[in-house]
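Following the numbering used here, the numbering of the first sequence begins with 8 at its first residue and continues without gaps.
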Amino acid sequence: MHLLLDRDPDGSVVLGAGTTGTPAGAGPDGGAARVDPGDLPATVADLEADQHPRWTWGDTNDWYPALLGGGVRVDRAHDLRLAHRILRLASGTATSALATAPPSTWDSLAPALAGVTRADTVRAPQAESLFDAPTPAPRDADRPDVAAELAAQLDAVAGSTAPGRLRFLLAAESAGALVAAEMHHAGLPWRTDVHDAILTAVLGPRPAEGRRPARLEALADQIRTTLDAPPSLNPDSHPDLLRAMEYAGVGARSLRKWELELIDHPVVAPLLEYKNLYRLWTANGWHWLDRWVDDGRFRTEYVVGGVVTGRWSSTGGGALQLPRSVRGAVQADPGWVLVVADAAQLEPRVLAAMAHDESMAEAGSTGDMYEGIVASGAVESRELAKVGMLGAMYGGTTGASAQVLPRLARAYPRAMGMVEDAARTGERGGVVSTWLGRTSPPPGQEWTAAQSSALDDGAADGAASQARSTARSWGRFTRNFVVQGTAAEWALCWMASIRRRLWALGPDAAPPGLAPAPFTDRPHLVFFVHDEVVVHAPAALADVVAAEVRAAAEEAGRLLFGDFPVRFPLTVAAVQAYDDAK
DNA sequence: GCTTTGTGCCAC
DNA sequence: AAACGTGGCACAAAGC
8 MHLLLDRDPD GSVVLGAGTT GTPAGAGPDG GAARVDPGDL PATVADLEAD
58 QHPRWTWGDT NDWYPALLGG GVRVDRAHDL RLAHRILRLA SGTATSALAT
108 APPSTWDSLA PALAGVTRAD TVRAPQAESL FDAPTPAPRD ADRPDVAAEL
158 AAQLDAVAGS TAPGRLRFLL AAESAGALVA AEMHHAGLPW RTDVHDAILT
208 AVLGPRPAEG RRPARLEALA DQIRTTLDAP PSLNPDSHPD LLRAMEYAGV
258 GARSLRKWEL ELIDHPVVAP LLEYKNLYRL WTANGWHWLD RWVDDGRFRT
308 EYVVGGVVTG RWSSTGGGAL QLPRSVRGAV QADPGWVLVV ADAAQLEPRV
358 LAAMAHDESM AEAGSTGDMY EGIVASGAVE SRELAKVGML GAMYGGTTGA
408 SAQVLPRLAR AYPRAMGMVE DAARTGERGG VVSTWLGRTS PPPGQEWTAA
458 QSSALDDGAA DGAASQARST ARSWGRFTRN FVVQGTAAEW ALCWMASIRR
508 RLWALGPDAA PPGLAPAPFT DRPHLVFFVH DEVVVHAPAA LADVVAAEVR
558 AAAEEAGRLL FGDFPVRFPL TVAAVQAYDD AK
């Protein structure tokens with residue numbers, strides 16, 4: 008059952024207030040109870056053990072980090088902010104009171120940051136002068152009413168066109184919020200010394216502040232010499248560099264890597280190397296290390312549902328774009344291993360399942376799905392199968408991808424038909440939904456303006472083609488939305504299952520640490536990127552953990568797609584360093 | 001001086 | 001100078 012957590016304006020914690028079916032014992036008489044914030048972890052731990060409730064709160068990051076800090080892990084949650092966002096847009100709940108109500112504070116809530124508690128925010132020094140009006144305290148009416156919101160959400164789900172799927176989606180989204188907070192708490196093991204060695208090997212030793220590393224300096228000189236440019240030429244200035252290149256007759260219109268690679272000129276090699284190393288230095292160099300790695304852990308802020316499709320985004324340190332070149336610095340603690348697992352060809356498999364395309368699922372039944380497509384005779388090569396499938400899911404219209412599309416459409420009419428339908432719906436301005444019912448946003452101003460101006464009397468030349476182009480672009484978005492979004496749902500289920508299974512393994516025999524460890528004394532998730540997870544585990548449990556991660560993938564497929572014969576094979580490796588995997 | 005925009009590359 | 005989806009981020013240049 009749901010157990011609500013809320014705060015009074017004075018900061019005291021209210022437990023179970025207004026919860027429908029409040030469990031006996033939450034408060035003295037089965038109703039609301041007031042808890043001193045300092046006692047919250049202990050109180051939550053007791054209730055978790057006794058009643059195993061679904062902890063229901065406005066935003067997981069407002070509550071869970073402090074509980075984790077107090078050594079308390081919870082099993083289930085309901086994140087009202089995340090659920091609200093889903094239900095407001097979902098086609099399945101379009102007629103509900105929740106979806107038809109005017110926008111409320113729930114619609115304007117920004118995700119809280121796990122590293123920043125509300126108390127920190129309140130205590131933060133306020134920039135105010137004598138002339139500034141004091142910041143007004145939030146009016147009572149603006150305070151989100153958690154009990155009313157929960158009731159509205161449960162009502163919307165119950166009256167929806169597919170209550171089971173939506174309930175599942177909300178549970179998965181909330182489980183994701185728990186995972187995200189726990190991964191932030193645990194951090195990704197990061198060897199600063201190894202990272203520094205990686206940088207030093209290719210850039211030279213860390214330079215003085217404000218100076219280029221030696222290798223970059225040498226390359227800059229080489230670029231200047233090759234271009235016959237003065238020492239004042241700054242290779243970081245695009246206009247200056249392009250001008251110097253034009254003067255030297257290089258013939259490049261931009262500084263993009265792919266374009267430079269097409270050019271035959273002696274400056275290309277040193278310039279490409281410069282750009283490559285410059286990127287490493289600025290994006291993941293020593294400054295990055297100083298800023299984001301603390302005490303052997305990299306902590307980012309995972310933003311659950313940060314992408315419209317339901318994928319996560321992250322803020323801080325570019326966690327979801329960690330370049331391969333620094334992944335060697337991600338290393339397990341002594342006596343531990345990293346179990347790295349990624350789902351092979353996740354999106355095409357998801358597409359096959361949601362379209363109930365048995366032929367396509369069959370192509371993925373033995374292992375590599377692209378090889379399976381080749382084996383079925385649809386296309387000649389793995390590479391062609393891959394670019395063809397990606398083109399189908401992205402809406403590619405050119406090149407090899409477009410060329411094989413007709414053959415894929417003949418071999419897999421159901422799957423290809425589904426993404427085509429999604430594209431057509433988007434072009435018309437309609438919305439599409441994922442397998443569990445997350446719905447795409449309606450098209451925005453650009454689409455509407457383009458379509459209406461094409462219909463105007465005396466429409467400008469090009470208005471019609473502009474309208475078509477905008478419509479197609481939105482069609483590519485909706486086409487991709489259904490696949491990417493459903494893949495994100497699979498990933499949420501996968502992680503929720505992994506989380507539960509790892510917890511069930513029980514604590515390691517390791518001696519208790521000084522700080523309370525809510526879960527880091529047993530195998531735990533430390534990283535996630537769309538279709539890939541990393542588990543930090545005691546070395547002795549490597550095989551057990553690998554098996555659980557595989558079992559979780561099967562479970563996720565079964566929970567989402569039932570008996571439909573689609574497989575979700577993984578690549579799994581237990582390694583010391585992240586870059587040892589594959 | 002500040003913020004916004006453009007460029008380009010990284011990840012899936 | 002992108003084709004073909006979703007993002008984050010750093011830097012220089014442009015705008016205010």
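C-beta atoms are modelled at their ideal positions from N, C-alpha and C, and glycine is treated no differently.
These numbers were taken from a predicted model, which means no experiment stands behind them.
Test item: CB-CB of residue i and residue j under 7 Å
i      : j      : result
Ala560 : Ala179 : no
Val344 : Ala544 : yes
Leu592 : Glu308 : No answer is possible for residue 592: the residues shown for the chain start at 8 and end at 589.
Ala368 : Pro576 : no
Ala155 : Ser103 : no
Gln583 : Ala339 : yes
Gly99  : Leu173 : yes
Leu279 : Leu269 : no
Phe534 : Leu195 : yes
Ala457 : Ala471 : no
Gly379 : Gly371 : yes
Gly445 : Gly317 : Correcting the residue identity first, residue 445 is Arg in this sequence and not Gly. Contact flag set, yes.
Gly183 : Leu499 : yes
Val311 : Ala187 : yes
Ala49  : Val21  : no
Arg213 : Asp586 : no
Ala259 : Leu234 : no
Ala348 : Val552 : no
With 16 other Cβ atoms within 10 Å as the buried cut-off, status of residue i
i      : result
Ile657 : With the chain covering only 8 through 589, there is no way to say anything about residue 657.
Ala165 : exposed
Trp497 : buried
Ser447 : buried
Arg146 : A caution first: Arg146 carries a pLDDT of 46, below 50, which makes its placement in the model too unreliable to give a value.
Met252 : buried
Met2   : Residue 2 falls outside the range modelled here, since the chain spans only 8 to 589, and no answer is possible.
Glu555 : buried
Thr405 : exposed
Ser167 : buried
Leu397 : exposed
Asp297 : exposed
Pro16  : exposed
Lys393 : buried
Gly395 : buried
His59  : exposed
Arg219 : buried
Ala140 : Residue confidence is low: Ala140 scores 35 on pLDDT, short of 50, so the model does not pin down where it sits. No coordinate-derived value is stated.
Arg41  : exposed
Glu562 : buried
Thr477 : buried
Asp464 : exposed
Arg306 : buried
Residue of the options minimising C-alpha distance to residue i
i      : options                           : result
His202 : Leu161, Asn241, Ala182 and Trp295 : Trp295
Arg486 : Ala461, Thr455 and Thr432         : Thr432
Leu617 : Gln491, Gly323 and Asn291         : Absent from the model: residue 617. The displayed extent of the chain is 8 to 589, so no value can be given.
Trp442 : Ser366, Ala558 and Ala362         : Ala362
His272 : Asp86, Ile230 and Asp243          : Ile230
Ala90  : Gly65, Asp235, Pro530 and Ala208  : Gly65
Gln328 : Gln452, Asn291 and Thr373         : Asn291
Ala351 : Val579, Arg507, Val20 and Arg95   : Val579
Leu226 : Lys282, Pro214, Trp454 and Val411 : Lys282
Asp538 : Gly465, Leu94, Arg41 and Ala495   : Ala495
Gly436 : Ala407, Arg417, Ala474 and Ala399 : Ala474
Glu390 : Gly313, Ser408, Trp293 and Leu248 : Ser408
Trp2   : Gly217, Leu249, Trp265 and Val257 : The question about residue 2 has no answer, for the chain in this structure spans 8 to 589.
Ala56  : Val79, Pro72 and Asn68            : Val79
Met400 : Ala422, Ala101 and Ala193         : Ala422
Identity of the residues DSSP links to residue i by a beta bridge
i      : result
Leu10  : Trp62
Tyr309 : Ser321
Asp349 : Glu539 and Thr578
Val20  : Arg14 and Val42
Asp86  : Trp64
Asp195 : Checking the sequence shown, residue 195 turns out to be Leu, not Asp. Partner(s): Phe305.
Phe534 : Val541
Val337 : Trp197
Val344 : Ala544
Val552 : Note: Val552 sits in no beta bridge, so no partner.
At what residue ranges does the stretch 368 to 456 contain a whole run of the alpha helix (DSSP H), taking only runs of 4 or more?
-> Whole alpha helix (DSSP H) segments, 4+ residues: 376 to 382, 389 to 401, 406 to 418 and 420 to 434.
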